[in-house]
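Protein chains in written order, with our numbering: chain U, 13 to 548; chain R, 4 to 284. As structure tokens, the structure follows; a few thoughts come after it.
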Amino acid sequence: MNRRDLMLAGLGLAALPDLALAQGHAHATAAGTPVRGGTARIVVAEPPILTSAFITTMNIGMVSSKILEGLVSYDLELKPVPALAESWDTAEDGLSVTFNLRRNVRWHDGRPFGSADVRFTLLEVWKKLHPFGRAVFANVTAVETPDDHTVTIRLSAPAPYLFNYINTYGAQILPRHVYEGTDVLQNPANTAPIGTGPFRFKEWVRGSHVALERNADYWQPGKPYLDGVLFRFIPDPVARTVALEAGEIDVTIGSLVPVTSLRRFSDAAKYTINTDDGRFLASIFLAQINVRRPYVSDRRVRQALSHAIDRAALVRLVWQGYGKPATGPIPSSVSQYYARGNPQGFDPKRAEALLDEAGFKRGADGKRFRINLVSGSGDSLESNRAGEFIKQSLARIGVELELIIEDSAAYLRRVYTEADYDIMTSSLHKLPDPTLGVQRLYWTKNIVRGAPWTNGSGYSNPELDRIMEAAAAEGDAAKRRALVTRWQAIVQEDAPILDLVELTWTTVSTARFRKDRPQGDGMFAGLEDAWLALAR
Amino acid sequence: MSTRHPGLLRRLLTHRQGGAGLLLLLAILLLAAAGPLLWPGDPWEMAAPPMLWPGEDAANPLGSDVMGRDLLTGLVSGARVSLMVGLVSTLIAAVLGTLIGAVGGYHGGRIDAALMRLTELFQTVPTFVLAVVLVAVFRPSVATAVLAIGIVSWPATARLVRAQVLSLRGRDFILAAETYGMGTARLLWTQILPNALPPVIAISSLTIAHAIQTEAALAFLGLGDPNVMSWGTIIGGGREQLVEAWYVCGLSGIALVVTVLAFNLLGEGLNDCLNPHLRSQ
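Spelled out as structure tokens, the structure:
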């Protein structure tokens, strides 16, 4: 039993491995003509259920996305690509959005798919039960279905971010005839899903595998190419790395191969390392500072901490180059809103000057003060190593850091309920729109005691609140961009959160495994375009 | 000790296993004590190129780990941590075990029954699992590791001491002391314990070996003190690079094996040398 398993078994928690990528990596574009047949063997962490419509757990999405679909998927620029919606249109005033649905789509049980399914899932599942969906669809006042293939959403205020969260991970469409009138969370179809996707659910042997078989009735004629997909659960990172090398599996998604082992797969003739599949999540490894605590309540101290950390070295040493130094709250992959440059970048001299200025001079032992850094034991190995790196970095400017690793439940309680910490580290998904993934971390109204992944730093700035709220309801792209730029400048200056590393999610596959269409949300791809080249 | 048993050290040195254990242990102690002077520096400092092989660079004679931390400095730091954890937790176990065993053995009856049921309770739970639970419940740190290991390690000592006390309990000199009106505490402390202790010393040596292993296993599982570099920490951190850089796990593993072996040999030797029946042979 390996270390993470033991922790998981003992605590009953799901790991959130957070990993890496280098932008320069070759992309897995498929050369040659697709071949029909074969079963792709993919390693994932075993999901608790197989439906993503009301839960954000990533490994659920990785499996369920082959069975159930969303309205769109995303390309590498994170622009929507038609899936179950063929086209869409936003009204001039931004107060209504119409989706034209694909015709001749059938659920795996033979019933036709239509606008009633979308309306039901939006109102009864996404808006009511999905943790992010509640915010995404908050402005929805009504959903109209003029015919079987048209859905019109009425909004109380423009919601441009809506288009960033309607793929199979964010807004998975469930069959109304299976779910209506039942307890959605307890519906048996959650573990044996009936979808519209390229693959049908076949069996789930707990602790071993989930098997899917080809959906011959899929709406894309001739696809999928594969006869089936077999998801295998190999909890030990060393074991799955060896299994991939031995050719027992074809693909690992979600950075399941440790970054330190990736060099074993660097031979492009034998393997492909895809670093684009997780762009959609826009995950950042960050250090959040509890602004209610002594020392760090002083903005100059927080800026000094930011100046003390060499993010480029962090990426190189801990993430082995699979990642990018983060500059601000929005990662560079969200190019529409990304602002270059960080006034609080690496500058140890400036850090020392700021601490002197704040009145925390070095003592006789060379130390200024002692604070702690709390992280979760369910986090990745990289996350723990990053804590060690930060400790060394702060020691150089005279700040002593005590590292505390808590089990996941204690970690969440300590950070979000008791606020008993100075710094915490975590890997958070910023998502392609700041209103979805970033606002929650800074908004005063989101200081919610006991609620994980809210504004846990306790930072409150009425001016920023107004800007963020205005950005959420702004329909004009240029005006919205200006608001977000201002927003970034404020949080960089006040530094309640130090964004450190833009994480790269890696998909490692044997060269046999091909996928025709590059996707920014490839972790949640349907794989109708995937095929296995014949062995040479 | 050598004053009370003048011949012990000599006997130990002439004992094949005990002598070897003692010498090995002295070498390790010397390394732990002098190491920081010979190879100064912070074991956490990420100064070297990552995953440097032993011998590749004179500045890092034993190479570096995946984050460019010098392995030699780490191993020396680990030696201090391991020895400290082993000794302190064993001290806790010895004190607890001796106290419980002596009180139970001397009083007998209900007190003994109650104490022995408690001992059995601890003996039936796998010690490592209990240690993991204890450390996980409290926050992982050197202090909690020491306490947890101490708490799971005392039952064997308690059993042993109780058996010793039971056999001494009926001896004439004890009865004589009792007749003279010596108080229970004084009797236990001055008459019984000194005679019951030799096997405790022997078993403690084995307990130390086990404690060191347990600490390493805890650190390997990520339940070590994140601020302290122990051998388990190094092994746990190097595990994923086992194929590319086996020496990270290998070297700290060897250090662990040698130390545990030293204590086992010493325990063996002490047992033979302190056992009156074997001595007379």
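Virtual Cβ for every residue (Gly too), placed ideally from N, Cα, C. Here the structure is a predicted model, which means the values were calculated and not measured.
- In terms of beta-carbon proximity, P129 of chain R stays away from the interface with chain U, with every pair separated by 8 Å or more.
- The C-beta of F132 of chain U comes no closer than 8 Å to any C-beta of chain R.
- M535 of chain U carries a helical assignment under DSSP once its states are collapsed to helix, strand and coil.
- Listed along the chain, the chain R residues whose CB falls inside 8 Å of the CB of T518 of chain U amount to none; the nearest CB is some 14 Å away.
- Taking 8 Å as the cut-off, the beta carbon of K336 of chain U is found closer than this to the beta carbon of E514 of chain U.
- Put simply, of R:Q244, R:H110, R:H213, R:P229 the residue whose alpha carbon is nearest the alpha carbon of L190 of chain R is R:H110.
- Non-local C-beta neighbours of Q126 of chain R in its own chain, meaning closer than 6 Å and more than five positions away in sequence, comprise P158, ordered along the chain.
- Taking a C-beta distance under 8 Å as the contact criterion, V386 of chain U and V411 of chain U do not qualify as a contact pair.
- N230 of chain R has a beta carbon lying within less than 8 Å of a beta carbon in chain U.
- For F66 of chain U, the closest alpha carbon among the candidates U:I185, U:I417, U:D506 is that of U:I185.
- R:G241 is the residue among R:A265, R:V246, R:N267, R:G241 whose C-alpha sits nearest the C-alpha of R397 of chain U.
- Closer than 8 Å to the CB of R374 of chain U there is not a single CB belonging to chain R.
- Using a Cβ-Cβ distance cut-off of 8 Å, the stretch 240–255 of chain R and the stretch 169–186 of chain R are not in contact, since fewer than three pairs of beta carbons, one from each stretch, lie closer than that value.
- In this structure, L224 of chain U sits away from K235 of chain U, with a CB-CB distance that is not shorter than 8 Å.
- Contacts with chain R at 8 Å (Cβ-Cβ) do not include Q504 of chain U.
- Leaving aside the five residues that flank Q20 of chain R on each side, the residues in its chain whose CB is nearer than 6 Å to its CB run, in chain order, L268, E271, G272.
- When DSSP assignments are scanned along the stretch 426–450 of chain U, the uninterrupted stretches of alpha helix (DSSP H) that are 4 or more residues long and fall wholly within it turn out to be 446–449.
- Residue-level contact by beta carbon fails for Q216 of chain R and chain U, as no gap is shorter than 8 Å.
- For the pair I342 of chain U and K491 of chain U, the CB atoms are not nearer than the 8 Å cut-off.
- Contacts with chain R at 8 Å (Cβ-Cβ) do not include L62 of chain U.
- It is roughly 5 Å from the alpha-carbon of Q167 of chain R to the alpha-carbon of A199 of chain R.
- Residue environment: S233 of chain R is assigned as buried (16 or more neighbouring CB atoms within 10 Å of its CB, all protein chains considered).
- Exclusion of the five residues before and after V263 of chain U leaves I54, S521, F525 as the residues of its chain whose Cβ lies within less than 6 Å of its Cβ.
- Against chain U, the CB of M87 of chain R has no partner CB under 8 Å away; the residue lies outside that interface.
- Using beta-carbon distances, E59 of chain R does not count as an interface residue toward chain U, since no partner is under 8 Å.
- If you check the CB distance, L78 of chain R and P64 of chain R do not come in under 8 Å.
- The Cβ atoms of S439 of chain U and S405 of chain U lie no closer than 8 Å to each other.
- Note on A280 of chain U: under 16 other CB atoms within 10 angstroms of its CB, so exposed under the neighbour-count rule.
- Within the stretch 242–272 of chain R, the residues whose Cβ lies closer than 8 Å to some Cβ of chain U are R242, E243, Q244, L245, V246, E247, listed in chain order.
- Residue U:L393 holds the alpha-carbon nearest to the alpha-carbon of Q332 of chain U among U:R304, U:Q356, U:L393.
- Under DSSP, Y283 of chain U shares a beta bridge with U:T522.
- At a cut-off of 8 Å between C-beta atoms, M70 of chain R counts as an interface residue with respect to chain U.
- An exposed status is given to V217 of chain U, since fewer than 16 other beta-carbon atoms sit within 10 Å of its beta-carbon.
- Listed in chain order, the alpha helix (DSSP H) runs fully inside the stretch 226–280 of chain U are 249–257, counting runs of at least 4 residues.
- Legend: CB atoms of the stretch 260–287 of chain U lying less than 8 Å from CB atoms of chain R belong to residues P270, T272, S273, R275, R276.
- The closest CA to that of V254 of chain U, considering only U:Y454, U:L274, U:V346, is found on U:L274.
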